[in-house]
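J.:
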């Protein structure tokens with residue numbers, strides 16, 4: 205029962221850290237949304253539908269606390285779903301070693317950068333101002349996000365899946381796929 209609740213508790217804790225603790229301690233340009241990292245890890249480890257669900261929950265909670273509905277919800281949902289769709293970690297197809305982690309990091313970086321570019325375009329059309337320093341900050345935030353996601357995914361794998369499921373794959377059995 206506790207394994208079923210841990211993704212929700214991790215998402216809720218990340219939302220609390222993002223909205224209440226981190227802005228008090230640090231409010232610079234390199235702030236990484238921890239809730240997005242949790243949604244990304246859930247999408248990687250538990251599949252695209254759970255990534256979509258917990259991305260929606262985390263995005264809605266952040267939007268409600270910020271007072272704007274819909275801006276972060278769609279982005280978090282898209283990241284949670286797309287990372288589970290792009291990086292399929294079934295036991296039959298999972299590569300091992302450095303290439304596996306490199307692929308995870310590249311996907312995390314690209315998805316975060318797509319969101320940053322979308323928000324940058326929106327910000328440009330609202331304010332009609334652009335600076336090249338914001339591109340540099342965007343790239344550094346993307347690299348920090350990918351590094352944080354790669355660092356936290358093994359911890360979340362241990363928490364969400366457990367020790368036995370990590371060793372044997374998700375269930376230990378091969379999935380049977382029926383073709384029609």
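Numbering (this note's numbering), first residue to last: 205 to 384.
Yeah, the Cβ is synthetic: ideal placement off N, Cα and C, and Gly gets one too.
(1) Which residue from 273, 279, 314 puts its Cα closest to that of residue 291?
(2) Have a look at residue 352 and residue 332 and give me their C-alpha separation to the nearest angstrom.
(3) Start and end of the alpha helix (DSSP H) containing residue 287?
(4) Considering only the alpha carbon of each residue, which of 273, 334, 311, 274 lies closest to residue 349?
(5) Classify residue 277 as buried or exposed, calling it buried when 16 or more other Cβ atoms lie within 10 Å of its own Cβ.
(6) Taking all protein chains shown into account, do 16 or more other C-beta atoms lie within 10 angstroms of the C-beta of residue 375, making it buried, or fewer, making it exposed?
(7) Among 338, 321, 243, whose alpha-carbon lies nearest the alpha-carbon of residue 177?
(8) At what residues does the alpha helix (DSSP H) containing residue 214 begin and finish?
(9) Report buried or exposed for residue 205, applying the criterion of at least 16 other Cβ atoms within 10 angstroms of its Cβ.
(10) Excluding the 5 residues preceding and the 5 following residue 308 in the sequence, name in chain order all residues of the same chain whose CB lies nearer than 8 Å to its CB.
(11) At what residues does the alpha helix (DSSP H) containing residue 305 begin and finish?
T.: Taking the definition as stated:
(1) To locate residue 291, count along the chain shown from 1; it is residue 87. Ranking 273, 279, 314 by Cα distance to residue 291 puts 314 first.
(2) Here residue 352 is taken as the residue at index 148 of the chain shown, counted from 1. Here residue 332 is taken as the residue at index 128 of the chain shown, counted from 1. Roughly 32 Å between the two C-alpha positions.
(3) As a first step, residue 287 must be located in the chain shown, where it is residue number 83. Looking at the DSSP string, the run of the alpha helix (DSSP H) that includes residue 287 is 275-290.
(4) In the chain shown, the residue the question calls residue 349 occupies position 145. Cα-wise, what sits closest to residue 349 is 311.
(5) Locating residue 277 in the chain shown gives position 73, counting from the first residue. With 16 or more other Cβ atoms within 10 Å, it is buried.
(6) Here the question's residue 375 lines up with position 171 in the chain shown. Caution applies to residue 375, whose pLDDT of 48 falls short of 50 and renders its modelled position unreliable; the value that the coordinates give is listed next. Flag for residue 375 reads exposed.
(7) Nothing about residue 177 can be reported from this structure: the residues present for the chain run from 205 to 384 only.
(8) Locating residue 214 in the chain shown gives position 10, where the first residue counts as 1. Start and end: 206-220.
(9) Your numbering for residue 205 matches position 1 in the chain shown. Its Cβ having fewer than 16 others within 10 Å, residue 205 is exposed.
(10) Taking the chain shown and counting its residues from 1, one reaches residue 308 at position 104. The answer, listed in chain order, is 248, 291, 353, 354, 357.
(11) Numbered from 1 along the chain shown, position 101 holds the residue referred to as residue 305. 302-331 is the span of the alpha helix (DSSP H), which, as asked, contains residue 305.
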